[in-house]
Structures are given as structure tokens and as C-alpha cells.
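Working notes, beginning with the structure itself.
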Amino acid sequence: MNAPHIPILRQGRVHKSLDVQVVNRLGGKEAAAEISFACADMIKYDLAKMGEARAKLKAMKATDLIEITKRAGEIFLNDDLPIGLDGAMQSPEDYVLSLAATSGLPHSLIRMNMKRLGGIFGQIEDIFRGLTRGLDVAVLDQGYGEQGGAPVSFSATTNELAVILPSNSPAVNALWIPAIAMKVPVLLKPGREEPWTPWRIIQAFLKAGAPSEAFSLYPTQHDGSGVIIRRAGRVMLFGDDSTVKQYENDPRIEVHGTGYSKFLIGEDEIDHWEKYIDTLVESVSANSGRSCICTSTIVVPRHGDEIARAMAKRLAEIKPLAQDDPDAKLSGFANPMFAEWINEAVEKGLKADGAVDVTAEFREGERFQQRDGMNYLQPTLVRVDSFDQELAIREFLFPFASVVECPQAEMLDKIGYSLVVTAVTKDIEWIHRLFDCPHIDRLNIGNVPTNRIQWNQPHEGNLFEFLYTRRSFQIAEVA
Amino acid sequence: MTADEAKAQLDERVREMMAWHFSEETGCPFWLDWKKQAGWDPREEVKTYDDIVQFPHFQDEWLRDEKNERFVPNAYKGRPFNVFETGGTTGLPKQRVGWEDYKHDYEQFSHQLDDEFFPKGGNWIMVGPTGPRRLRLAIEHLANFRGGSCYHVDCDPRWVKKVIARKAYDEAERYQAHVMEQAVEIIKHRDIQCIFTTPRLLASIGERISIAGHGIKGCFCGGTSMTPEYVRFLQEEVLEDKALFVPTYGNTLMGLAVSLPRELKANGYSVTYYAPQPRAVLRIVDPEKTEITKDYGEYGRVELTTLSHEFFMPRFLERDEAIRRKPHGKYPWDGVGDVRPFGALTGKVIEGVY
Chain F
204 MNAPHIPILR QGRVHKSLDV QVVNRLGGKE AAAEISFACA DMIKYDLAKM
254 GEARAKLKAM KATDLIEITK RAGEIFLNDD LPIGLDGAMQ SPEDYVLSLA
304 ATSGLPHSLI RMNMKRLGGI FGQIEDIFRG LTRGLDVAVL DQGYGEQGGA
354 PVSFSATTNE LAVILPSNSP AVNALWIPAI AMKVPVLLKP GREEPWTPWR
404 IIQAFLKAGA PSEAFSLYPT QHDGSGVIIR RAGRVMLFGD DSTVKQYEND
454 PRIEVHGTGY SKFLIGEDEI DHWEKYIDTL VESVSANSGR SCICTSTIVV
504 PRHGDEIARA MAKRLAEIKP LAQDDPDAKL SGFANPMFAE WINEAVEKGL
554 KADGAVDVTA EFREGERFQQ RDGMNYLQPT LVRVDSFDQE LAIREFLFPF
604 ASVVECPQAE MLDKIGYSLV VTAVTKDIEW IHRLFDCPHI DRLNIGNVPT
654 NRIQWNQPHE GNLFEFLYTR RSFQIAEVA
Chain W
45 MTADEAKAQL DERVREMMAW HFSEETGCPF WLDWKKQAGW DPREEVKTYD
95 DIVQFPHFQD EWLRDEKNER FVPNAYKGRP FNVFETGGTT GLPKQRVGWE
145 DYKHDYEQFS HQLDDEFFPK GGNWIMVGPT GPRRLRLAIE HLANFRGGSC
195 YHVDCDPRWV KKVIARKAYD EAERYQAHVM EQAVEIIKHR DIQCIFTTPR
245 LLASIGERIS IAGHGIKGCF CGGTSMTPEY VRFLQEEVLE DKALFVPTYG
295 NTLMGLAVSL PRELKANGYS VTYYAPQPRA VLRIVDPEKT EITKDYGEYG
345 RVELTTLSHE FFMPRFLERD EAIRRKPHGK YPWDGVGDVR PFGALTGKVI
395 EGVY
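Protein chains in written order, with this note's numbering: chain F, 204 to 682; chain W, 45 to 398.
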């Protein structure tokens, strides 16, 4: 397939920009895609008209939008869909190849993420019910109704959900898919190397019968992103701790940052630690360790050295392989410099006292590897002597985790913010404390990998509560 | 005029300016002292524009560090001068003295304007930095020269730069809204057909009202670099393809380089500017070896030479880069295309703040 041209979508209207940037295949000079870039002022103009897009969705029945979403999931997974401007079609396999060419992700991971995304579409009713605590969807059509015998009314907080997407993780598109069924148009700014997934999801929605006005796609530069962040009614963005800090007091903005997800084993289960190695390895390495829900710190009361060695041995089996190798689990870096920077940060931490790279003994070669023109970082498990060691609570874009020993009684005071915590224990008193811990966003009790989440519960914020506000109301009979 | 005739005209202008600026009777103290220290006489050595490379690059710091009186040609001695400022976010700004140049420049520019879109007798509004800038007097003169009057809405780009530097984007937007409120009120309630503003402010006005719908037919714009996509957006969406967008490239030190607004669409909205030769000349140079002119179609740094009786400025390196473009039938000398900040692809530049 020739490099397709990904245009701007302005409430569904195709706009081919005169500002075109080429994204090359990783490790080569061959163009993978041409991308139309939008200027910042154009986005400002379009944002002012998003009410029209919202009106289109508002006029549709929520139940119809739910059906459309379900159909779109099947289409996303199975159908050939338009790509670019010249009438070309993209098969599901073409999608895998295109995304692999620019993101560095192995085909197997892309297929896994594809399946996960397909699942989001399919579970939309469950997600809707979960996030609204069982609200009758018809309330969104009428604006008011009853829930649990009490009158309820919800109004949209915004005419659009803007999402500043990253380049490294197609699965994050899961976060915005339910917005369409919630009658809120989306305005997406794709990552430079990953226009493929949002484009394909949009095409799937369109084929399923969603109104084109509900979809805006703006590849753009920094100033365009700035306009989206400053002006959109609701914004999701992905960033590091400094980005989170910058917007933490802005109710319009939901920042998805580092997760610092953790895996805890209680006193009552620690002597059976071998039973949990499979789960631990999955938690650290799933999706090439790129997700905020991947475990980055393992906290145990004892057996830290044995657990670290057992995990290191397993993690060292994950190696850079050809992207089309069905066993490939490790992703290359779309931006080759990232691998070097991250490797330097890990090495710096190891040079400080109190940290040992346990994987070094088991893996082949150095952590930093090059293959097929791409940079890779091999999985790394670090045994640290305390929470104060600088690698104890760190999160990187590759399979990386630390193992730290800590008495169970002190764990919850030490772990800090954690997007996901899996706690392996049957200790009821501790379980109560875990449920009560304010630092934990999502809690798994028992042998559950941190990377397995259910979308019918809030993930870094409740999408429905982000997009809707409950208002009080009374309706008197007209005299 | 043919390209050969344009070159002959420019060479003649160069000889005239050498004679003017390096003669005791007419030259200014700055250049007369420079000649003594340099040990050569430009009147003897610089006979054509190609010889201008014998001069070193003019340093704009001289416009800040030297007293303004040292730039007053002896021929103008005793005549009070206008002081025009350029740049200057902090500290003493760079200043240029002048008398009639801005009138000459803008009268020359007026002849390039299309009367259909900039009707004679029509009133103007200028929305942009006034204060100590040449532009403020120049636009009013342009309006008056064409038989109209000019309304003004001021803004202070130095303040906006400071606000942006400290990442107070909300404050910058509030300031812009404050400027816009004033502009929109005047456009709504006065009979105005022509506007001068910057691209960003134009887009900002267009967010609030239909510019063409309020009677504006022509928009003369300058101030920042514009990508072809942005130019298209301004012409087709902001001005709704009803008013004519006329991009210009210029500053206090040069005057105005003009473009070919009627040909923009056919040229894919890539803007090429032509200097007001022979009063000013633009050359696209190799940034590493600035005596070398880049080939047509290549990006290089913009070098400006100003050749007026009031002001001589050889080989000033602008903070921009552009593509060297071929002469046009209407302007038979080199053009500069797709101007962007010098080093735009390598460094961070705060540009186009108003």
C-alpha cells in the first residue's frame, strides 16, 4: 500500500492541509504516511462551532448510539475501511502493519490492543451502566428521569471531549470511545506516529452509522495542542508528572499521567510467593510495560531477593524479536532517543547505592539493544534496599520494576499514589485498610494482574461524570 | 521593466547612495567615521550591488548603542527627526531616525494596492502595535494618501512577549480579547473598508465578527511568518474569500516587501515577497558563508540592504530564513518565499505574539 494521506477531519469534513508532514517507517526512509497538519487558529474557529456537532448527537437516541457503538466494534475488528484520500481501503491486517511501521510495536501487541479496543465497543452498555451507576440511558435523551426512585437530571458539561493522544499506546483510545454513546462529540489530536488507531475507530463508527459531525481529528503542532487544551470544554491528555501538576486544579482537564501501579503481597501469602510469579511477570511486562497500569513497584515483607531473581529470569526471556514474530512481546521506540534517555536514567539510578539490576545476570547483552533499525530496552528488574532508593518508585516506557521489602504494616504509608494496586492477601483487616487508602485509585484483591482492568468502573476519573453534571430540577404543572 | 533594467537601476542607486552617505556634505557621522576606520572609500570600491559584499554585516545593536544623532545625515542636519523603534522586550530598544522615508515607502506601496479591494477614499483601521513604531504613522499616511482616514487600536507586543515567556497563556488571551473588543466595536460602528493588522489578530477578529460582512474589502497584513496553510485559512475562512488578503514582509529598517495577492491561490498560497527595489534589497544567503547567494528554490537566511538617503544599512541579517524565488514580470528582481523564523526547525522562537 502506498503511504496514505491522513487528512484533518473538521466535524467529519475532510480537509487536506497545505502543511503536510511525512512519517517514515521506523528504521528506514520510506514514507509510511503523509499527514495533514492543522493550524492553531483553524482549531479555534472549529471549536466555536462544536455545538452543531453536539446537536447532531443529541438529536439521536442513546440506545441507537449504543447499537452503533457495538456495530462499530465489529467493523473495527473485521472490516476493510477507507484510509487516506484516494479511495484506498485498509484491512485489519493493513492496520496492524501500518501501526507497526511507525510505532515500533510488535504485531502481536497490536493485535492484543486491537482486541482490547474491540472489547470496549462491545461492552458499551456495561460501561455505560457502570459509569452512571445504572442510569436509564433514556435520561440522556430527555434530560431528566428517575434513578433508584429519585428524580435525576444530567446536562452535558461540554460540546466536545478533546483528547491529546500519545504515540506509544493505541489502547488509550479506549478512553474516548464511550463518549459517542454519551452524545458528546470527540476532537482528537493524534500522536505524530500514531494516526492509525483514531482514524480507524472513526471510520468504523461512520460505517456503523454515527454522524460524521461527531468526529474531529487534528494532527497539529504544539500551538494547536495548546489551543485545544486551553479552549476545549473537556480535555483528556497524557503526560508526565509535570503535566499532571500543571493542570491538577483545572476541572476541564483530566491528565492521564504515570500510574506508579504496584503489586503488594501480604504477610499471610508471602511464603507462597512462587504462586504469584506468573501474575507478577504479566503485570510488569504486558503491553511491553508501556501502560500506566503495568506494575512498576513490587512490595513484599520478605523473600525480596528470591522474588527478584525468579522474576528476572522470566523477564530476561522477553527479547527484541522481529516485529512480525508471533512471540514478540517487546516494543521498539518510535522516537529512538527515548530509549537512550531512559537507559541513562536507569543507569544513573543503579550507580547510586542500594540498587542492583537483577536481570543483568540473566539477559543476553546490554539493556539497550538495536534491531532492524530500532532501539529497544530489554526488561529490567531492580532490587532496591528501600523506598528511598531513586529507582524504587519509577515508571518507564518498557518492562521495568523494582522489588522492595517493607513490613506489611508500613506498606500503605510508603507506596504513595498508585493508579492500580494488586494486594495478594486474605487478611480482612488489611483488606479494609487497603479499601480505605486514599492513594489507591483502583484496587485488586487477590491474584489479579494490575494490567487487567474492567472498563465499567472509573479509570483515572469517571468519563460520565467528566462529561455530565447533575442538576436539581422540579417541574410544576402549567397553570 | 526587464530584469536587466532593474539591475541597472539598482546599480545606479548603489552608486548614488555611496556618493551620498560617504561624502562629508551629505553623509552621517556614523558612516563617515566608519569609512575612516575601515581605510577604504566605498565611493571608489562599491560601484554595483554585487560590490555590497565588501561591507561587513550591519549590526542592529549599533541602533541601540550609538546615539541617534550619529545617524543623521549632514544633509538633514538641524531638521528634527522621527524616532522609530524596533524590537525591545527589555532594556533600551533599537531606534531608527527618519524624516520622509515612511511616506515614500507607503506611497510606493499604495500604487501596488488593488483599488477594487482598497477603494480610494475608503477608511482604514489599524489593529496592531502603535506607540513608537513607524507603522503607526505609515498606515495613517497610507490611508490619507489614498483619500481616507485611519482608526487605530493599539496593542503592546513587548508586554505580550513577557506574558508568554512566563507561560501565562490565559493572561495573553485576556489581553488579546481586550484588544479585540476595541477593534470589533470600531469595525461594527464606523464605515471602514480597509484594515491593517497582523495575521493572528486578523484571525482573532474573524472569530468574533464576519470581517467581510462588516464592509471590509481589503486586508493588508504583516508581522509574522505564515505557512501556506495559514495563508489559505486567512483568505478562505477568516476573510471568507470575499475580502482580499495582502501579505507583506517588512520592518522599520526596510519598508515594505510586497506580494502578489491575486496569484496566491494559483501558487498554492505560498507567499513570495519582493523588496521595494531599489530603495531596499533582499538577498537569500548561505547562513554559514553569507557572501554566497543561495540558488533559486533553496532556503537561506534573509539579508537586507537599505539604500535610502535617510538611512544606509548594508547587509543586515534578518532573523528570518526564506526560499530564494525567481523574479516576477511585475517585480523583475529576486523574491523571498515562505519566510519563517531563522532556525525555526532547530530552536524555539517566540514569534507572532500579536
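Note that CB positions come from ideal geometry on N, CA and C, so glycine has one too.
At 7 Å on the CB atoms, spell out the chain W contacts of S220 (chain F), in chain order. E273
Please identify the residue among F:F331, F:H459, F:A595 and F:T446 whose C-alpha is closest to the C-alpha of L553 (chain F). F:A595
Following the continuous beta strand (DSSP E) through F571 (chain F), name the residue where it begins and the one where it ends. F571 to R574
F565 (chain F) and K516 (chain F) - do their beta-carbons sit closer together than 7 Å? yes
For a minimum of 3 consecutive residues, which ranges assigned as the beta strand (DSSP E) are wholly contained in the segment 135-197 of chain W? 138-142 and 168-172
So, for K286 (chain W): in the same chain, excluding its five sequence neighbours on each side, which residues have a beta-carbon less than 7 Å away from its beta-carbon? A256
Minimum Cβ-Cβ distance from F161 (chain W) to chain F less than 7 Å: no
Would you call H222 (chain W) buried or exposed, if buried means 16 or more other Cβ atoms sit within 10 Å of its Cβ? exposed
Residue-chain proximity (A247 (chain W), chain F), Cβ-Cβ < 7 Å: yes
I'd like the span of the beta strand (DSSP E) that includes V503 (chain F), first residue to last. T498 to V503
Closer than 7 Å to chain F by CB, Y219 (chain W): no
Is the shortest distance between the beta-carbon of R306 (chain W) and the beta-carbons of chain F less than 7 Å? no
Following the continuous alpha helix (DSSP H) through L300 (chain F), name the residue where it begins and the one where it ends. P295 to S306
Within 7 Å, strictly: CB atoms of G299 (chain W) and P322 (chain W): no
Assign L297 (chain W) to one of three DSSP states: helix, strand, or coil. coil
By the three-class DSSP mapping on this structure, what secondary structure does Q592 (chain F) have? coil
8 Å contact criterion, which P381 (chain F) and L666 (chain F) should meet: CB distance rounded: 6 Å
Using a Cβ-Cβ distance cut-off of 7 Å, determine whether M292 (chain F) contacts chain W. no
Closest to E598 (chain F) by C-alpha separation, out of F:I545, F:P422 and F:M292, would be which residue? F:I545
Mind listing the chain W neighbours of A251 (chain F)? Cutoff is C-beta to C-beta under 8 Å, in chain order. E251
At a CB distance below 8 Å, what residues from the segment 412-433 of chain F approach chain W? Give them in sequence order. G429 and R433
Using 7 Å as the limit for Cβ to Cβ distance, is V397 (chain W) near chain F? Residue placement at V397 (chain W) is poorly supported in this model, since its pLDDT is 37, which falls under 50; the coordinates are not used for a value here.
For M245 (chain F), would you say it is in contact with chain W, using Cβ-to-Cβ distances shorter than 7 Å as the test? yes
Using the beta-carbon count (16 or more within 10 Å), is Q224 (chain F) buried or exposed? exposed
Note down, in chain order, all residues in the segment 438-471 of chain F with a beta-carbon under 8 Å from any beta-carbon belonging to chain W. none
Quick one: grab the DSSP three-state call for P582 (chain F). coil
Find the residues of chain W that neighbour Y248 (chain F), judging by a C-beta separation of less than 7 Å, and give them in chain order. E251 and E281
Which word fits V127 (chain W), buried or exposed, when buried means at least 16 other C-beta atoms lie within 10 angstroms of its C-beta? exposed
Which residues mark the beginning and the end of the beta strand (DSSP E) in which T130 (chain W) is found? N126 to T130
For I678 (chain F), count neighbouring C-beta atoms within 10 Å of its own C-beta (all shown protein chains included) and say buried if the count is 16 or more, exposed if not. exposed
Going straight from the alpha carbon of L208 (chain W) to that of D244 (chain F), what length do you get? Looking at the sequence itself, residue 208 (chain W) is Ile, so the reference to Leu does not match. Rounded to the nearest angstrom, the two C-alpha atoms are 17 Å apart.
So, is I336 (chain W) buried or exposed, given that buried needs 16 or more other C-beta atoms within 10 angstroms? exposed
Between L278 (chain W) and Q237 (chain W), what straight-line distance do the alpha-carbon atoms span, to the nearest angstrom? 17 Å
Flag this pair as touching only if the segment 611-623 of chain F and the segment 579-586 of chain F have three or more C-beta atom pairs under 8 Å; answer yes or no. no
Give me the Cα-Cα distance between A50 (chain W) and Y375 (chain W), rounded to the nearest whole angstrom. 9 Å
Where does E88 (chain W) land, buried or exposed, given buried means 16+ other C-beta within 10 angstroms? exposed
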